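Peer 1: In order, the protein sequence lines correspond to chains A and B. Here the first sequence stands for residues 9 to 176, numbered as in our numbering. Here the second sequence stands for residues 9 to 176, numbered as in our numbering. So that we are looking at the same thing, I have put the structure below in structure tokens.
Protein chains: 2
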Amino acid sequence: MKLTEAKQQFISSWGAFGTNWGINRTMAQIHALLLISPDPLTQDDMMEELNISRGNVNMNIRDLLTWGLAERVILPGERKEYFSAEKDIWKVVKLIVKERKKRELEPMLQLLDKLEEVEGDKRDKSIKSFVDTVSSIKKLGKQADKTLDTMVKAEESWFVGGLMKLFK
Amino acid sequence: MKLTEAKQQFISSWGAFGTNWGINRTMAQIHALLLISPDPLTQDDMMEELNISRGNVNMNIRDLLTWGLAERVILPGERKEYFSAEKDIWKVVKLIVKERKKRELEPMLQLLDKLEEVEGDKRDKSIKSFVDTVSSIKKLGKQADKTLDTMVKAEESWFVGGLMKLFK
DNA sequence: TTTTATTTTCAGTAAGTTTTGAAAATTCAA
DNA sequence: TTGAATTTTCAAAACTTACTGAAAATAAAA
């Protein structure tokens with residue numbers, strides 16, 4: 009397969025992958041493009057490579073910046089802004105985990121704390137069923153939270169090299 | 009907080025949570041409703057509780073069945089079909105991981121295998137950058153695949169009780 | 001059978017999300 | 001300053017996905 013085709017396939021499937029995970033397609037595609045690009049790119053480069061409008065590039069690149077997945081690069085003597093992506097995939101994963109944990113898992117756990125204290129007789133079966141479900145989700149969620157904290161602090165080698173041996 | 013209100017909040021935030029993860033809101037809401045319900049429910053019950061149409065309930069309940077997250081329950085002497093959800097949250101997580109791994113991670117890894125073999129001189133910097141990125145994603149992906157396999161086979165206690173002590 | 005209850009399907013519509021493109025704002029150089 | 005290059009914004013349009021509701025199919029009862 010030729011590089012041009014391979015790039016296109018990578019970008020398009022990274023985009024499709026993203027949509028399954030609640031990430032908008034263009035954001036994922038821009039990210040993919042920056043990941044495989046040896047040098048930083050301008051917004052015009054991205055418009056051209058991905059055939060999308062200026063506004064679209066601009067909005068999505070700024071989302072990538074807030075996630076920490078891309079950064080602005082100023083090239084001396086150049087007027088335009090350039091952008092590049094974090095290339096260390098383990099760092100990328102950690103950034104995403106950190107952000108989603110903060111945005112989704114933590115608020116969910118807070119809510120579950122409140123819901124667990126629903127008023128009423130715990131022997132009533134609808135109350136019992138509700139509280140049991142909420143508690144068990146909370147328990148697992150809290151554990152997931154801790155595990156992800158550890159992961160976010162860890163080196164890639166922890167994951168790739170060390171972890172699995174112990175659990176075979 | 010009253011049970012009725014607590015239920016509504018749970019259902020609505022479970023639905024919102026789902027949409028962030030590529031799961032349609034109604035499917036997540038039906039799932040939430042079944043999770044907290046002490047007894048199996050009919051499609052009419054769900055229509056009423058969630059204020060949605062018959063067709064919508066029917067399509068989404070059937071998706072839940074194919075994911076293994078809900079099951080049909082036949083009550084003797086009753087004409088209507090009833091549905092209930094798997095209440096063991098650890099099992100729920102494992103079912104979801106299993107399905108998404110199959111649908112998303114595995115095809116992605118297959119694609120990366122192909123893309124890694126792009127033709128051309130590996131010293132060319134655009135080729136090198138592409139291959140390096142693809143390889144490092146593949147490496148991490150393969151490891152994630154194995155880790156998830158182990159997780160899918162594991163008991164909840166492995167996760168909640170045993171795992172973390174070792175990595176503190 | 002025929003009738004009645006229940007479930008399933010799916011075309012059309014509605015709702016939600018993403019994208020465009022042109023205008024406004026900003027930045028830099030002359 | 002002024003003007004050109006560049007970035008940002010956002011209302012409207014395009015696209016995508018989800019939902020409705022009525023009709024068709026199926027299953028159970030009479």
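In this text, a Cβ means the ideal position worked out from N, Cα and C, and glycines have one as well. Model, not experiment: these values are computed from the prediction.
Cutting at 8 Å between CB atoms, please list the residues of its own chain near Leu113 (chain A), excluding the five before and the five after it.
Peer 2: In the first sequence, counting from the first residue as 1, residue 113 (chain A) sits at position 105. Here the set comprises Gly149, Ala152, Asp153, Leu156.
Peer 1: Taking 8 Å as the cut-off, decide whether the C-beta atoms of Leu117 (chain A) and Lys146 (chain A) are in contact.
Peer 2: In the first sequence, residue 117 (chain A) corresponds to position 109, counting from 1. In the first sequence, residue 146 (chain A) corresponds to position 138, counting from 1. Yes, the Cβ-Cβ distance between Leu117 (chain A) and Lys146 (chain A) is below 8 Å.
Peer 1: Does any residue of chain B have a CB that is nearer than 8 Å to the CB of Gly76 (chain A)?
Peer 2: If you number the first sequence from 1, residue 76 (chain A) lands on position 68. No, no contact with chain B.
Peer 1: With DSSP collapsed to three states, give me the class of Ser45 (chain B).
Peer 2: Taking the second sequence and counting its residues from 1, the one referred to as residue 45 (chain B) is at position 37. Here Ser45 (chain B) sits in coil by DSSP.
Peer 1: Please return the same chain residues whose Cβ sits closer than 7 Å to the Cβ of Glu57 (chain A), not counting the five positions on each side in sequence.
Peer 2: Position 49 of the first sequence holds residue 57 (chain A). The residues are Leu41.
Peer 1: Which residues, in chain order, does the segment 67-93 of chain A contribute to contact with chain B at a C-beta distance below 7 Å?
Peer 2: none
Peer 1: Should Lys15 (chain B) go down as buried or exposed, given a rule of 16 or more other Cβ atoms within 10 Å for buried?
Peer 2: Stepping through the second sequence from its first residue, residue 15 (chain B) is reached at position 7. By the 10 Å Cβ count, Lys15 (chain B) comes out buried.
Peer 1: Just curious, the alpha helix (DSSP H) that Arg108 (chain B) is in, first and last residue?
Peer 2: Looking up residue 108 (chain B) in the second sequence gives position 100. That run of the alpha helix (DSSP H) goes 97-108.
Peer 1: By the DSSP assignment, the beta strand (DSSP E) with Arg80 (chain B) in it spans what residues?
Peer 2: The residue you call residue 80 (chain B) lines up with position 72 of the second sequence. 78-81 is the span of the beta strand (DSSP E), which, as asked, contains Arg80 (chain B).
Peer 1: Beta-carbon separation of Thr141 (chain B) and Leu119 (chain A) under 8 Å?
Peer 2: Working through the second sequence from its first residue, we reach residue 141 (chain B) at position 133. Working through the first sequence from its first residue, we reach residue 119 (chain A) at position 111. No, these two residues do not count as a Cβ contact at 8 Å.
Peer 1: Using a Cβ-Cβ distance under 8 Å, would Ser20 (chain B) count as near chain A?
Peer 2: By 1-based counting over the second sequence, the position of residue 20 (chain B) is 12. By this cut-off, Ser20 (chain B) is not an interface position.
Peer 1: Check distances from the C-beta atoms of the segment 41-60 of chain B to those of chain A and list, in chain order, the residues that come in under 9 Å.
Peer 2: Leu43, Ile44, Ser45, Pro46, Asp47
Peer 1: Classify Ala162 (chain A) as helix, strand or coil using the three-state DSSP reduction.
Peer 2: Here the question's residue 162 (chain A) lines up with position 154 in the first sequence. In the structure shown, Ala162 (chain A) sits in coil (DSSP, three-state: anything other than H, G, I, E or B).
Peer 1: Can you give the beta carbon distance from Lys133 (chain A) to Pro115 (chain B), rounded, assuming they're within the 8 Å contact cut?
Peer 2: Residue mapping note: residue 133 (chain A) aligns to position 125 of the first sequence, counting from 1. Residue mapping note: residue 115 (chain B) aligns to position 107 of the second sequence, counting from 1. Incorrect: roughly 43 Å between the Cβ atoms, too far for contact.
Peer 1: In the DSSP output, which residue or residues are listed as bridge partners for Ala93 (chain B)?
Peer 2: Along the second sequence, one-based indexing puts residue 93 (chain B) at 85. In DSSP, Ala93 (chain B) forms a bridge with B:Ala78.
Peer 1: Excluding sequence positions up to five away, which residues of its chain have a Cβ less than 7 Å from the Cβ of Glu124 (chain A)?
Peer 2: Here residue 124 (chain A) refers to the residue found at position 116 of the first sequence. Within the same chain, Glu124 (chain A) has close Cβ partners Val139, Val142, Ser143, Lys146.
Peer 1: Along chain A, in chain order, which residues have C-beta atoms closer than 7 Å to that of Ser134 (chain B)?
Peer 2: Locating residue 134 (chain B) in the second sequence gives position 126, where the first residue counts as 1. Leu11, Pro46, listed in chain order.
Peer 1: Do Glu127 (chain A) and Met35 (chain B) come within 8 Å of each other at the CB atom, strictly closer than that value?
Peer 2: In the second sequence, the residue the question calls residue 35 (chain B) occupies position 27. In the first sequence, the residue the question calls residue 127 (chain A) occupies position 119. Not a contact, by the Cβ cut-off of 8 Å.
Peer 1: How big is the Cα-Cα spacing for Val105 (chain B) and Ile19 (chain A)?
Peer 2: As a first step, residue 105 (chain B) must be located in the second sequence, where it is residue number 97. As a first step, residue 19 (chain A) must be located in the first sequence, where it is residue number 11. Whole-angstrom Cα-Cα distance: 24 Å.
Peer 1: Should Leu49 (chain A) go down as buried or exposed, given a rule of 16 or more other Cβ atoms within 10 Å for buried?
Peer 2: The residue you call residue 49 (chain A) lines up with position 41 of the first sequence. Leu49 (chain A) should be labelled buried.
Peer 1: For the segment 148-161 of chain A, which residues have a beta carbon sitting closer than 8 Å to at least one beta carbon of chain B?
Peer 2: Residues passing the 8 Å Cβ filter: Leu148, Gln151, Lys154, Thr155, Thr158.
Peer 1: Residues of the segment 19-39 of chain A with a CB closer than 8 Å to any CB of chain B: list them in chain order, please.
Peer 2: Ser21, Phe25, Thr27, Asn28, Trp29, Gly30
Peer 1: Given Glu163 (chain A), which residues of its chain have a CB within under 6 Å of its CB, disregarding the five upstream and five downstream residues?
Peer 2: Translated into the one-based positions of the first sequence, residue 163 (chain A) becomes position 155. So the list is empty, once near-sequence residues are dropped.
Peer 1: Would you mind stating whether Trp75 (chain B) and Gly30 (chain A) have Cβ atoms separated by less than 8 Å?
Peer 2: Here residue 75 (chain B) refers to the residue found at position 67 of the second sequence. Here residue 30 (chain A) refers to the residue found at position 22 of the first sequence. Their beta carbons are not under 8 Å apart, which means Trp75 (chain B) does not touch Gly30 (chain A) by this criterion.
Peer 1: Can you say whether Leu83 (chain B) is buried or exposed, counting buried as having 16 or more other CB atoms within 10 angstroms of its CB?
Peer 2: Along the second sequence, one-based indexing puts residue 83 (chain B) at 75. With fewer than 16 other Cβ atoms within 10 Å, it is exposed.
Peer 1: Taking 8 Å as the threshold (beta carbon to beta carbon), is Lys110 (chain A) in contact with chain B?
Peer 2: Numbered from its first residue, the first sequence carries residue 110 (chain A) at position 102. Answer no: the Cβ-Cβ gap between Lys110 (chain A) and chain B never drops below 8 Å.
Peer 1: Can you have a look at Lys176 (chain B) and say buried or exposed, based on whether 16 or more other CB atoms are within 10 angstroms of its CB?
Peer 2: Against the second sequence, residue 176 (chain B) aligns to sequence position 168. At Lys176 (chain B), the pLDDT of 49 sits below 50, so the modelled position is not reliable; the number obtained from the coordinates is stated separately. Label assigned to Lys176 (chain B): exposed.
Peer 1: Is the beta carbon of Asn68 (chain A) sitting closer than 8 Å to the one on Ile97 (chain A)?
Peer 2: The residue you call residue 68 (chain A) lines up with position 60 of the first sequence. The residue you call residue 97 (chain A) lines up with position 89 of the first sequence. Between Asn68 (chain A) and Ile97 (chain A), the gap from beta carbon to beta carbon reaches 8 Å or more.
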